[in-house]
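Here is the structure we will look at, set down as structure tokens.
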Amino acid sequence: MPLDALLLPLIVKIVAAALVVVAASLAAEKAGPFYGGMITALPVSTGPAFVMLAMEHDDGFVADAALSGMVGNATIVLYLALLVRIAPLWSMPATVIASSVFWIATAATLRSAVEWTLPLALLLTLGCYGIAAWAVSAPIPADKVVRTARSRWYDIPARAGLVGLLVATVTTLSHSIGPAATGIAAVFPIALTSLTVILHGRMGGGVVAAAMRSALLTNPGLALALTTAHLLAEPAGRTVALSVALAVSLSWAGILLLWRLRRPQAA
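Quick note: the sequence shown uses full-length UniProt numbering, first residue 1, plus one each step.
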């Protein structure tokens, strides 16, 4: 097969996914912490990753990857709670490194801990929501240094590069690492990480914490979407499963948005 025939589809996938995430993160910055967290917590990177998997694998693979993705998403809940607590107090590099290492270590540990089933994954998710609710219940600490937002020439290329790297890695390795590891990799919080990098440097850790607390409210939409994909992939086919999963995620976001609009005085 010609090299172009191998590289062109991958390049198209990377560019498409990167554009989606860059557009979402730009909108997040303009909309403020609450809307920023909500927009970025949508499946703007996980969704394209699963679409690419569906193009290259069968229904069973997608179902297994979605189940593993539920475990990875449960660790995202803890990751968000950690960001809420440390972002206002730590520097940007320390915040990003610590939260990323925490997510990778936790996801890898949980992946190999037990033979995951849907009931176990749901119990894990509910437990992580409980821990996160307790962790973020305290007020967000004030920043020690107040920053003024300013654009840097590398902001957009950096975000596009981060997302492109995730998509290329997941797509390329999925044939050899199997559905379980692929599902974990597909839900790596790359959009949230890139938003943390940008907002922390431009507006401070307090804004990051507020955005991540908002993302916690949006995250159940992803958990429900992954559950839907797992349940429907084999009986209905991966195309139907992912379409319904997207509708579920967007519906949750719509409900959250209506709730927010009815409470305009909220922070």
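We put the beta carbon where it would ideally sit given N, CA and C, even for glycine.
Other residues of its chain near residue i: CB distance less than 8 Å, five sequence neighbours each side excluded
i, result
"residue 297", "With the chain covering only 1 through 267, there is no way to say anything about residue 297."
"Leu257", "Met38"
"Trp134", "none"
"Ala54", "Val62, Arg238, Thr239, Leu242"
"Leu122", "Met70, Thr227"
Neighbourhood of residue i by C-beta distance below 6 Å, restricted to the same chain and skipping five residues each side
i, result
"Gly221", "Ser249, Trp252, Ala253"
"Val136", "Ala81, Val84, Arg213"
"Leu261", "none"
"His230", "Ala63, Ala66, Leu67"
Residue i in three-state terms, based on DSSP
i, result
"Pro139", "coil"
"Pro235", "helix"
"Pro220", "helix"
"Glu29", "helix"
"Val208", "helix"
"Val197", "helix"
"Val244", "helix"
"Ala5", "With a pLDDT of only 46 at Ala5, under the threshold of 50, the placement of this residue in the model should not be trusted, and no figure is reported."
"Asp188", "What sits at residue 188 in the sequence shown is Phe, not Asp. Of the three classes helix, strand and coil, the one that applies to Phe188 here is coil, per DSSP."
"Ala41", "coil"
"Thr117", "coil"
"Arg262", "coil"
Chain-order list of residues whose beta-carbon lies under 7 Å from that of residue i (same chain, five-residue window excluded)
i, result
"Asp4", "Low local confidence applies: a pLDDT of 49 at Asp4 is under 50, so the model's placement there is unreliable, and no value is given."
"Tyr79", "Ser99, Phe102, Trp103, Pro189"
"His200", "Ala87, Met92, Thr95, Val208"
"Ala223", "Met70, Asn73, Thr125"
"Glu234", "Asp59, Gly60, Ala63"
"residue 307", "With the chain covering 1 to 267 only, the question about residue 307 has no answer from this structure."
"Thr117", "none"
"Pro33", "Val207, Ala210, Ala211, Ser214"
Any non-hydrogen atom of the ligand SAH closer than 6 Å to residue i Cβ
i, result
"Ala133", "Only the bare structure without any ligand can be found here, which leaves the ligand SAH out of the picture."
Requested in this report: Only counting runs of 4 or more residues, tell me where the alpha helix (DSSP H) segments fall wholly within the stretch 48-92, in order along the chain.
Outcome: 59-86
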